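In terms of UniProt numbering, the sequence shown has 95 at position 95, counting the first letter as 1, and numbering is strictly consecutive.
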Amino acid sequence: MLFQRLTIILGHLPVTYRAPLSAHTSLKAAQRTFATTPTWRTMRVVPVPNQADNYAYLLIDETTKKAAVLDPYDVGKVKRYAQKEGVELVSALTTHHHHDHSGGNLEFALEHPGITVVGGSNAVPALTKKVGDGDVFTVGEDISVKCLATPCHTQDSICYYATSKSKPEQPGLVFTGDTLFQAGCGRFFEGNAEEMHKALSYLGTLPDNTIVYNGHEYTNSSMKFGKHVDPENPAFQKLDHLVKTEEQTCGKSTIGDEKSWNVFMRLTSSAVQKATGESDEVAAMKKLRDLKNSFRG
Ligand SMILES: [Zn+2]
């Protein structure tokens, strides 16, 4: 009995935990290596990079070793990652219908007959569970996932906000697809500036310590544009360090960080108003997006 317990405990060692950056977290503390899994940690995320710069993610309920996968484009790679982590995949969560995110759904569903495929519209391949704003479901036993409708990049864009039921003090996690990027936002393919302003403001209502997992590794280019618009913002020092030291920046910043450096969430700042020549927030959002589209930093 004693040996079984030891095996279970040792099975979790060693774990490197990189805390997300926040206004109250020094860079040194953010890079601290913990000897064990923090006791509050019942949710874990494993990024699965695919294609040129896309991210799928495993969202793991540590209590049951069941996991949802976000945007499982490369089904073989997702399977290998799940096997390596020793988790059972129980659902696929689709951030939006674009092929580079939902293009693996059909193959995934065929590989996992009867599995739940979640998404915001019937344009999502293999959809079994259509969700809308405010819908809530559970992954495993402990992870509560709330759907946040953020139409603009596509009309079916859904952000998934995950929290732990048993350890509510654990920071929440938000999967933002192509709506919110670190220091940027998605293009307005099916929407307008007013909708993106609404979407990012909505994400801004999440607790500041919510950890952000976005759909692409665009952070470096987004930061260059941000610095161009808001060169005096000291928050970019932290982001600059993150970009220089981490190949994958996803999951290493928070909603609070985004509010400090993401120009698309800082429409009332004097820097954005000056760069866009607009004091109206929606007009500033439109101009900012146009400037980003033509920016060749
Ligand atoms: Zn997209």
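All C-beta atoms, glycine included, are put in the ideal place defined by N, C-alpha and C. Since this is a predicted model, take the numbers as computed values, not measurements.
For ligand 1, which residues have a Cβ under 5 angstroms from at least one heavy atom, in chain order? H98 and D178
CB of K66 within 8 angstroms of CB of V87, strictly: yes
Just list the residues that DSSP pairs V45 with in beta bridges. L59
Minimum C-alpha distance to V212 - residue among H112, D178 and I255: I255
Since H216 and F189 are thought to touch, with beta carbons under 8 angstroms apart, how far apart are those beta carbons, to the nearest angstrom? Between F189 and H216 the Cβ distance is about 14 angstroms, and since that is not below 8 angstroms, they are no contact.
Contact under 8 angstroms by Cβ, V139 with G104: no
In this structure, how does DSSP classify K198 when only helix, strand and coil are distinguished? helix
Near I143, what residues of its chain come up, given a Cβ to Cβ distance below 7 angstroms and the 5 sequence neighbours on each side ignored? M43, L59, D61, A162 and S164
To the nearest angstrom, how far is the alpha carbon of N220 from that of K244? 9 angstroms
CA-to-CA distance, L93 to A126, given in whole angstroms: 11 angstroms
What three-state label does DSSP hand residue 308 in the structure shown? Residue coverage of the chain in this structure runs from 1 to 297, which leaves residue 308 outside it and unanswerable.
Kindly indicate the opening and closing residues of the beta strand (DSSP E) around L93. E88 to L93
Assuming P49 and Q248 make a contact with CB atoms under 8 angstroms, what is their CB distance in whole Å? 7 angstroms
Which one or two residues does DSSP pair with L70 in a beta bridge? Y57 and L93
Skipping 5 residues on each side, what residues in its chain have a beta carbon closer than 7 angstroms to that of T268? E281
Would you list the one or two residues that DSSP bridges to T116? S91
Measure the C-alpha to C-alpha separation of E107 and S270 and round it to an integer number of angstroms. 48 angstroms
Pull up the distance between the alpha-carbon of M265 and that of C185, whole angstroms please. 9 angstroms
Rounded C-beta distance between D178 and H96? I'm assuming under 8 angstroms. 6 angstroms
Does DSSP put L267 in a helix, a strand or coil? coil
What did DSSP end up calling T128 once you bin it into helix, strand or coil? coil
Based on the DSSP secondary-structure assignment, which residues constitute the bridge partners of K146? V136 and Y161
Looking only at C-alpha atoms, which of Y57, G191 and V131 sits nearest to Y73? Y57
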